[in-house]
Amino acid sequence: MALSAGKAARVVYARDFCMSGYAEIAVTTNYSFLRGASHPRELIETAAQLGHAAIGIADRNTLAGVVRAYAALQEIKGYRPKLLVGARLVFVDGTPNILAYPTDRTAYGNLCRLLSAGKQRAPKGECYLTLDDLLKWQEGLLLVVLPQNNEEQKESDANFWNKRMAEEEGRDITLSIFEKNAPCSVTFSRGKDDPKGRMRSLFTTLRILAPMRVWLGISMPHHGDDQRRLRAWQDIARDADVPLLATNDVLYHCAERRELHDVVTCIRKHVTLKEAGYLLEANAERHLKSCDEIMALFREAPEAIAETILFADRITFSLDQLKYNYPDEPIPKGKTAEQHLHDLAWQGAARRYGSVIPDKVHAALEKELALIIKMEIAPYFLTVHDIVSFAKSQNILCQGRGSAANSAVCYVLGITAVDPMQIDLLFERFISEERREPPDIDVDFEHERREEVIQNIYQRYGRHHAALAATVICYRPRSAIREAGKVFGLTDDVTANLSSSVWGSWGSQLKDSQVRQGRLDPANLLVARAVKAANELIGFPRHLSQHVGGFVLTQDRLDECVPVGPATMKDRFFIEWDKDDIDTLRMMKVDVLALGMLTCIRKAFDLIRAHEGKSFDLATVPREDPAVYEMLQKADAIGVFQVESRAQMNMLPRLKPAVFYDLVIEVALVRPGPIQGDMVHPYLRRRSGIEPVEYPSPAPEHGAADELFNVLSKTKGVPLFQEQAMKLAIVAAEFTPGEANGLRRAMATFRNVGTINNFKGKFVGRMVARGYKQDFAERCFKQIEGFGSYGFPESHAASFAHLVYISAWIKKYHPAAFACALLNSQPMGFYAPAEIVRDAREHDVEARHVDVNYSNWDNTLELRTDGALALRLGFRQVNGFREGWATTLATCRSNGFDTVNVVARRTKLPKRALIILAEADSFQSISMDRREILWAVRRIPDDDALPLFAAQYVEEQPDEEIAQLPVMPLSEHVLADYQMLRLSLKAHLMFFLRDLFLNEGVMSCAQINTARNGSKAKCAGIVLTRQMPGDAGVVFATLSDEEGVANVVVWPKLVETFRREIMGARLMLVEGKVQRGSEGVVHLVAERIFDRSYELQRLSEDERQTPPSLARQSHPRDVRAVPKSRDFH
Amino acid sequence: MVIVAKVDNALRLSAVDRKATALGLTIGQPLANARAMLPALKVVAANDPADLKLLTQIADWCDYFTPLVALDGPRHRLLDVTGVSHLFGGEKPMLDLIRNSLQAQGFAARGAMAGTAVAARALARYSDGTIVDSGEEEQAMRSLPVEALNLDVTTTHALRRAGLKTVKQVASRKRSELVARLGATMLDILDEALGNTAKPISPRKPPPDYWQEQNFPEPVATEEVIQAALKSLTIALAKILERNGQGARCLEAVFFRADGVVRRITIEMGAPTRDPAIIGRLFHEKLDTLADPLDPGFGFDLIRVCAVHVERVVSEIIDLNAYENKRAEINFLIDRLATRFGTHRILVFQPYDAHIPEQAWAAVPAQHVQLSKLSWRKTRKEKDAPRRPLRLFARPQRIDFTMTQHLLWRKVQRVVVQSEGPERIAMEWWRHETPQSARDYFRVEDCEGRRYWLYQQGKLPEWFMHGIFA
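Chains H and C are the protein sequences, given in the same order.
Going by our numbering, the first sequence opens with residue 179, and the numbers climb by one from there.
Going by our numbering, the second sequence opens with residue 15, and the numbers climb by one from there.
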């Protein structure tokens, strides 16, 4: 919250007045989830403005928020209070809350171990602590006992404790003394009934074990009897001989936040504000208070205020002291890490290039190695190399990306497969010497086998030295309004309405317009309050989750650096800090990520090896094959990595990629950044020569005219990559490296959307001041905003482009293997299996139906008599079928099945499985009609037959004389196929309606694609995808029929008129104008739209089958054929 | 208009009206989806209890036609009209009467009559208004789709997949063939649909567990006779209740007039009761206070007393605890008063969980709460002085401090000698349009030992007296 100038002036005064007079020791941030109501940043800033000598961040059994506080402190200009790092220990055994602050680095390690221990025994996100734990790890911790305002543990925690209490019922426990030199053993009474005695014995215990390190923390909560209670506590403190410490037990930074605090309390307790009653605080007093206010409150006990200063002075620990150390690498004896990396690099170079290493690479290697040695980051590269080597030894495909990945060193170490001969490397641009940050390498692994790599890391480095980073799950607009709505008692419908008017979940604030879009009145008090609370709630942390693959590895014990807790997944552990925190503290992390396409490529390579006898890997696929580029230029890219989306497919014919670097640009171009920054069209125009390539330059007095040439020459003067934007900031807007770094961070996380605007004035203003055009500067900044968390630096683009090329190459030369691998790697990519199979068939791959006699779980390839490969669908395509059943079927097959009964008898599959097989028409090789088979399968006795009848399985069932069933029409076959497999090889649904539509003058999709530009046309088809990108309001729909697909564009004006048809139709008829782009991209621009879904009912006589609804916004892969809808009312 | 309900944590349409159907909305569709199609959609949240209540009322109303009314799923009502249709002029007039009167009440109703329940249900759905004589069901059912059999989803699907899409096609298959594949239950239903077998319906209101009735050969109209009949019926009923260890919370007396009009009076009790004296008295009170007297017209030919809602009587043993007895007396008093003056006029204080003192309680109908379960929040430990005054003013009273330590209340000057506070209570910000400042409460004692509960509020502090301690 920004303070006005007037307030700031007063603040300075306040500080001068009570400089070092008071330190707030008990501060709860919003990292005590749903308890604190202010961000660490807000608390730190307020404490600085109030002139507190120190501020102690103590969240509930966690250190998750301290790094944020630390980072916020670094950014404060002017007076900075001392930051005390601690935790509020909340116990399950009835011990009052105790604040624990480490005095030094060793004590900090103890606190981390203590919290880790509590987390280990609790479910994810919880921490069960007992007094015993504290006594075990208390060495060096300053302890403030808070007898008032105790936070209760949740009931589940209480249950945990009750169990333990039951075991120890009635016994006083003699604590074993853990520290060797502890003077005596202590008996601690667990008596429940005598709180005073309890408190006394607690103090006795603590005083003996932690002499001079115990305080009694008191606050003045305005409960009416504050003074009386103060006197009572003074007595107790005197008796126990511990000093009193004044606190305000802060929950938020300013009194106005009480409202939000009430809201989060309600969210936590699952009640509405009206029901909450005493769950809420009675007043708004628990905010950071000025020294004056504190002095007034504690006028009866000024010594308690003075004590806060003494307390803060005792602490020497700061997060600066967490020096990062690289893990132990298997460096051969007698070598340093640098030497080892040096040797590995040159060996690798020899492997890649043979005995003659090209000059360019030689030079690059020398330069990079020198820099690495200078930066002392050799162990980092060795670690990544180690992980990658393991993956390679297990035949797991992997590829690195990230800032440091685009180096010759990474290439020769085998971490990346982008040849530095092909692409200019930008290594030193990313590892800047000024920013002494660890380099960043992310490694993608096959998604199905990443777990092996992760387990290896645990084994290799040990659980004490390796853990995943956390991801802080924050409230986003949707979740915020949903939760806030509930608290205010808005009905589900209203909140659903509000939250659904937030398209996407990345916006930062709910605007009035969005509220109106939800047809609610933003002026309505209840709605307005809910929206206000939701807006404040956005960005609040909700819980910690594990990062998808960011590993933190250390030499020292990791659990002495940061508390480590178990993740939901067994044997997974994650720390309490996320990647930004790790970045702030300059710890090292390796991202071990999963990429579906790598799985697909590996499977394709395996299939090619098995069926065609040729071996390939990522580095040996033939490079720069013109036929591959030719295919991509035609937008023939279904299934190809990254460029298969509608937008990318539109771009391909315009960009006409012909060399590798074109793919790098293609990948980076169709991203939110360049699109928002309106950089796409200028680039295309320049590329096709319509517009001259020019470089904006500053006024002559401000610098060289070609200062941007170096930055932008690769992309024809248009900034496309993230780092170009950064470089622009440094070169054109004269950002200091520090400022640029701030900008990069603001860009990297949406949470700081607010902060990015701080840079706007600076960026645009300075560029304009140096003589750039306002328009250009603004566009550049818009693009930076657009990068947001979708930032795509050149190095990532290059790594991805490599996979684009390889997947395109496989598609071009091994289409059967490609389709098969794609299907076996689902879910991934953009298209549903139906589209993949259809595409394969269009590339002359024969597709064969699932069959009990031929199919396995996975899709397979079969050799045709003419030597080509055919794709045999596997049982994984069949809805509801299980892998185990498929395996049984395959093992029992031997010479094949010839009747349904043989299948049932030999495989002993449950009847359900047999029915699914029959429904999926997979008995075709037994050559019986689908209906006959189904009717026969249903006759097989149920699985849970009584033992008496079990014999029936052995015997053939007696023959049955029954009349012929009616013949199943083809249309019903197709519908049944769609229901069971979401695709049909028999025919397209539209095939059955063609005559009907022909009479209406409807063209097929293929005809649309060859129609004259500007001609009027009608087209009908099953809706494959609907997309509404960005805020533009344009809807793109893809229709499919038996001859192909057609692209439909609906302009915003029409969207409102035909909204119902657009969003609801499964079978859509569109009237409009054909628009043919110069590059051959054809759109049907809609003028009128009709929902003709009801026609689909004709396909199954009177049966209302839901057709394969391909109707979902955005992502077609989670589309399912809605099963058996039975609506008659 | 559509009605939505939460299914698996997602809002889905649970009912759609004709207009919405015409616009392409379907039951089961997610609301978000429907909204995407029709932003201006009018949405009502499903209220199952209310639906059920209404449907039960309809069933109640059906009692008029026959005592054997069955609920059949949430949407169907089955009436066994065997032997009663002549009372309504035959089957056709009866069916028309039922349908017309329901429609007149604003319901969309479909109906059919057949020899079996399955057939009637199917025909009501597919062929509204049909009447099929017993034995002719097969003919009527043949052309209906297989869904008309109302089989479970899997069975229906299996039949359709096999190409057996009409009842006729199903009926044409061998019985053994069907049993082997789809089980015997399905065959039973088929048989019933075709009129081969008939099952009795299971009536909705298992007649109340306990009831007594008296038939009069000649309709009775005089009050004495009615009272006497009521009394004897009550005593008989009480005996049955006692035998079963139960007491009634709700009793109903039903008077069937000779001309078909039915009058009912209901009494409710706060605790299960079976004392005929008490019950008799309550009936008496009720009859006395009826705004619209029990008009016997030509006289009643049947009077019935039913125990509609019974509960176990827990304290069988005579309780020697005086307090318990007292409570029973209080309960009876409450029942009597409430019966006479109306439930909403006999109130009791109930605590509410709120910081604001005047919102921490409310007066609610005494019959609606269990007195023993009222629990007030403890605000203090045994030894401490009370934090809340014994007497809280309904409306805080304005006071002034003429001097420090001198407060003026009710025109009397009081000198404060001791005070404690403040206890700061912030207003409930979500209730007020403009921010309200917090109240600072003080406990104050004057020189004569009187203790007051005061608060100040606002920027220019205004003082109020909110209660007194003694």
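Positions of the beta carbon are idealized from the N, C-alpha and C atoms, including for glycine.
Quantities reported herein were computed from a predicted structural model and do not represent experimental measurements.
Does DSSP put Gln71 of chain C in a helix, in a strand, or in coil? By one-based count along the second sequence, residue 71 of chain C stands at place 57. Helix, per DSSP.
Could you check how far apart the C-beta atoms of Thr1066 of chain H and Arg1050 of chain H are, in whole angstroms? I think they sit under 8 Å. Position 888 of the first sequence, counting from 1, holds the residue named residue 1066 of chain H. Position 872 of the first sequence, counting from 1, holds the residue named residue 1050 of chain H. Between Thr1066 of chain H and Arg1050 of chain H the beta-carbon gap is near 18 Å, outside 8 Å, which marks them as no contact.
Going along chain H in order, which residues have a C-beta closer than 9 Å to the C-beta of Asp367 of chain C? What you label residue 367 of chain C is simply residue 353 of the second sequence in a count that begins at 1. Neighbours of Asp367 of chain C across chain H, judged by C-beta separation under 9 Å: Glu453, Ala454, Gly455, Tyr456, Leu457.
Taking 9 Å as the threshold (beta carbon to beta carbon), is Trp170 of chain H in contact with chain C? Any property of residue 170 of chain H remains undetermined from this structure, which presents chain H solely from 179 to 1307.
Going along chain C, which residues have a C-beta under 7 Å from Asp403 of chain H? Numbered from its first residue, the first sequence carries residue 403 of chain H at position 225. In chain order: Glu434.
With a CB to CB cut of under 7 Å and the five nearest residues on each side skipped, what residues in its chain are close to Gln419 of chain C? Taking the first residue of the second sequence as 1, we reach residue 419 of chain C at position 405. Val429, Val430.
Top-ranked residue by Cα proximity to Arg91 of chain C, from C:Arg139, C:His382, C:Val18, C:Lys106: Here residue 91 of chain C refers to the residue found at position 77 when the second sequence is read from its first residue. With respect to the C-alpha of Arg91 of chain C, the residue from C:Arg139, C:His382, C:Val18, C:Lys106 having the closest C-alpha is C:Arg139.
How many whole angstroms separate the CB atoms of Val539 of chain H and Ala527 of chain H, which I take to be in contact at a CB cut-off of 8 Å? Translated into the one-based positions of the first sequence, residue 539 of chain H becomes position 361. Translated into the one-based positions of the first sequence, residue 527 of chain H becomes position 349. The Cβ separation is near 7 Å, so the contact holds.
Presumed contact (8 Å Cβ cut-off) between Val709 of chain H and Leu451 of chain H, rounded CB distance: Within the first sequence, residue 709 of chain H is the residue found at index 531, counting from 1. Within the first sequence, residue 451 of chain H is the residue found at index 273, counting from 1. Contact doesn't hold; Cβ gap of about 15 Å is too wide.
Is Arg1238 of chain H near Leu52 of chain C, with beta carbons less than 9 Å apart? Here residue 1238 of chain H refers to the residue found at position 1060 when the first sequence is read from its first residue. Here residue 52 of chain C refers to the residue found at position 38 when the second sequence is read from its first residue. Closer than 9 Å, so yes.
Using C-beta distances below 7 Å, list every residue in its chain close to Tyr497 of chain C, excluding the 5 sequence neighbours before and after it, in chain order. Nothing in the structure corresponds to residue 497 of chain C, since chain C is present only between 15 and 484.
Go ahead and pull the three-state DSSP assignment for Thr418 of chain C. Mapped onto the second sequence, residue 418 of chain C falls at position 404. The answer is coil: DSSP assigns Thr418 of chain C none of H, G, I, E or B.
Taking all protein chains shown into account, decide if Arg349 of chain H is buried (16 or more other Cβ within 10 angstroms of its Cβ) or exposed. To locate residue 349 of chain H, count along the first sequence from 1; it is residue 171. Annotation note: pLDDT 42 at Arg349 of chain H (below 50); position unreliable, coordinate value reported separately. Under this definition Arg349 of chain H is an exposed residue.
Can you confirm whether Ile203 of chain C, when its beta carbon is compared against all beta carbons of chain H, has any partner nearer than 9 Å? Numbered from its first residue, the second sequence carries residue 203 of chain C at position 189. Not closer than 9 Å to any Cβ of chain H, the Cβ of Ile203 of chain C fails to qualify, so no.
Could you tell me which residues DSSP puts in a beta bridge with Cys652 of chain H? Residue 652 of chain H sits at position 474 when you count from the first residue of the first sequence. H:Pro719.
Distance between Ser1218 of chain H and Leu1232 of chain H (C-alpha atoms, nearest Å): If you number the first sequence from 1, residue 1232 of chain H lands on position 1054. If you number the first sequence from 1, residue 1218 of chain H lands on position 1040. Cα to Cα, Leu1232 of chain H sits roughly 21 Å from Ser1218 of chain H.
Measure the C-alpha to C-alpha separation of Thr206 of chain H and Pro286 of chain C and round it to an integer number of angstroms. Position 28 of the first sequence, counted from the start, is the residue given in the question as residue 206 of chain H. Position 272 of the second sequence, counted from the start, is the residue given in the question as residue 286 of chain C. So the alpha carbons of these two residues sit roughly 53 Å apart.
Counting only beta-carbon atoms, is Ile332 of chain C nearer than 9 Å to chain H? Numbered from 1 along the second sequence, position 318 holds the residue referred to as residue 332 of chain C. Its pLDDT being 48, under 50, Ile332 of chain C is placed unreliably by the model, and the measurement read from it follows with that caveat. Chain H contact via Cβ: absent.
Below 8 Å on the Cβ atoms is my contact criterion, and I expect Pro617 of chain H with Ala582 of chain H to pass it. Report the Cβ-Cβ distance as a whole number of Å. Start at 1 with the first residue of the first sequence, and residue 617 of chain H comes out as number 439. Start at 1 with the first residue of the first sequence, and residue 582 of chain H comes out as number 404. The C-beta distance from Pro617 of chain H to Ala582 of chain H rounds to 3 Å, short enough to fall under 8 Å.
Can you tell me whether Glu972 of chain H is buried or exposed, with buried defined as 16 or more other CB within 10 angstroms of its CB? To locate residue 972 of chain H, count along the first sequence from 1; it is residue 794. It counts as buried.
Residue from H:Met765, H:Leu796, H:Arg1266 with nearest C-alpha to Val150 of chain H: Chain H is shown from 179 up to 1307; residue 150 of chain H falls before or after that span and cannot be answered.
Which of the residues in the segment 1222-1244 of chain H, read from start to end, lie with their CB under 9 Å from any CB of chain C? The residues in question are Glu1234, Arg1237, Arg1238, Glu1239, Ile1240, Met1241, Gly1242, Ala1243.
Assess contact between the segment 804-816 of chain H and the segment 824-835 of chain H, defined as three or more Cβ pairs (one per stretch) separated by less than 8 Å. Is contact present? The segment 804-816 of chain H vs the segment 824-835 of chain H: in contact.
Cβ atoms of Leu722 of chain H and Phe752 of chain H: under 9 Å apart, would you say? Along the first sequence, read from residue 1 onward, the residue named residue 752 of chain H stands at position 574. Along the first sequence, read from residue 1 onward, the residue named residue 722 of chain H stands at position 544. When the beta-carbon positions are compared, Phe752 of chain H and Leu722 of chain H come within less than 9 Å of each other.
Between H:Leu1148, H:Met1181, H:Leu1174, H:Phe1175, which lies nearest to Ala1165 of chain H when the distance is taken from Cα to Cα? The residue you call residue 1165 of chain H lines up with position 987 of the first sequence. If we check each option's Cα against that of Ala1165 of chain H, H:Leu1148 comes out closest.
Buried or exposed for Glu223 of chain H, please, with buried defined as at least 16 other CB atoms from any protein chain shown within 10 angstroms of its CB. Residue 223 of chain H sits at position 45 when you count from the first residue of the first sequence. Under this definition Glu223 of chain H is a buried residue.
Less than 8 Å between the CB atoms is what I'm expecting for Val1243 of chain H and Val1201 of chain H, so what's the real figure, rounded? As a first step, residue 1243 of chain H must be located in the first sequence, where it is residue number 1065. As a first step, residue 1201 of chain H must be located in the first sequence, where it is residue number 1023. For the record, residue 1243 of chain H in the displayed sequence is Ala; it is not Val. 6 Å between Cβ atoms; contact.
So does the segment 996-1009 of chain H actually touch the segment 832-846 of chain H, counting three or more Cβ pairs closer than 8 Å? Flag = no, the segment 996-1009 of chain H and the segment 832-846 of chain H do not touch.
Helix, strand or coil for Trp524 of chain H per DSSP? Position 346 of the first sequence, counted from the start, is the residue given in the question as residue 524 of chain H. The three-state secondary structure of Trp524 of chain H, taken from DSSP, is helix.
Chain H partners of Glu447 of chain C, CB-CB under 8 Å? Position 433 of the second sequence, counting from 1, holds the residue named residue 447 of chain C. What Glu447 of chain C touches in chain H: Leu703.
Does Val1145 of chain H get closer than 9 Å to chain C when you measure Cβ to Cβ? Counting from 1 along the first sequence, the entry for residue 1145 of chain H is found at position 967. Contact of Val1145 of chain H with chain C is assigned, a C-beta pair being separated by under 9 Å.
First and last residue of the beta strand (DSSP E) that includes Val134 of chain H? Only positions 179 to 1307 of chain H appear in the structure, and residue 134 of chain H is not among them; the question remains open.
What residue from H:Cys1070, H:Asp1099, H:Trp1113, H:Gly939 has the CA that sits closest to Lys1086 of chain H's CA? Here residue 1086 of chain H refers to the residue found at position 908 when the first sequence is read from its first residue. Lys1086 of chain H has its Cα closest to that of H:Cys1070, out of H:Cys1070, H:Asp1099, H:Trp1113, H:Gly939.
Starting from the beta carbon of Ile1200 of chain H, find every residue of chain C whose beta carbon is closer than 7 Å, and list them in chain order. On the first sequence, position 1022 is the one that residue 1200 of chain H refers to. Ordered by position in chain C, no residue passes the 7 Å Cβ test against Ile1200 of chain H, which lies about 16 Å from the chain.
Using a Cβ cut-off of 9 Å (strictly closer), state whether Ala797 of chain H contacts chain C. Position 619 of the first sequence, counted from the start, is the residue given in the question as residue 797 of chain H. By this cut-off, Ala797 of chain H is not an interface position.
So which residues of chain H does Ala194 of chain C contact, with C-beta pairs closer than 7 Å? Counting from one through the second sequence, the residue named residue 194 of chain C turns up at place 180. Arg1117, listed in chain order.
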